[in-house]
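Peer 1: Using this note's numbering, the letters of the sequence shown map in sequence onto residues 319 to 424. Following this message is one structure expressed as structure tokens.
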Amino acid sequence: AVTEAYEFLSSQQKQGTLGDDLGITAQEEEYFRESCQDWLGVSADVVEESKKCPMFREWLQGKTDAAMLWNSFFSLHGGLAPMLRPPAALLEGEGVTATRTRRKRK
Numbered sequence: 319a320v321t322e323a324y325e326f327l328s329s330q331q332k333q334g335t336l337g338d339d340l341g342i343t344a345q346e347e348e349y350f351r352e353s354c355q356d357w358l359g360v361s362a363d364v365v366e367e368s369k370k371c372p373m374f375r376e377w378l379q380g381k382t383d384a385a386m387l388w389n390s391f392f393s394l395h396g397g398l399a400p401m402l403r404p405p406a407a408l409l410e411g412e413g414v415t416a417t418r419t420r421r422k423r424k
């Protein structure tokens, strides 16, 4: 069920039904990037690539503690829908700046 839902969403995006603008603001993207680091300990780019992998989506249906953590994260952060803006949106000057300071963990 998860794979079918992801592939349907992906096919809609490829056909242009959803359009290139996914409606993700710079603030939403930044929140998603920080949440990926805080919750999962990996970058948002790794999370987005993982969503595309059929083996990952199959693993996500398992009952392990790690799969449940990822499922909880997805339920609060947009599910399997893309949460990073397309590169064109980043080039328009609203992207994440390279000079931003990182928060230190306590």
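Virtual Cβ for every residue (Gly too), placed ideally from N, Cα, C.
Can you tell me which of Y349, S390, G396 and L402 puts its alpha carbon nearest to the alpha carbon of V364?
Peer 2: Ranking the options by Cα distance to V364, first place goes to L402.
Peer 1: Nearest-angstrom Cα distance between R375 and L387?
Peer 2: Straight-line Cα distance between these residues: approximately 14 Å.
Peer 1: In three-state terms, what does DSSP make of S393?
Peer 2: Helix.
Peer 1: Short of 7 Å in beta carbon distance, which residues of its chain neighbour L425, apart from the five on each side in sequence? Order them along the chain.
Peer 2: Nothing about residue 425 can be read from this structure; the chain reaches only from 319 to 424.
Peer 1: What distance in whole Å lies between the Cβ atoms of C354 and A362, which are believed to be in contact at a cut-off of 8 Å?
Peer 2: With a Cβ gap of about 4 Å, A362 and C354 count as contacting.
Peer 1: Expressed to the nearest angstrom, what Euclidean distance is found between the alpha-carbon atoms of R351 and A344?
Peer 2: Approximately 10 Å, taken between the alpha carbons.
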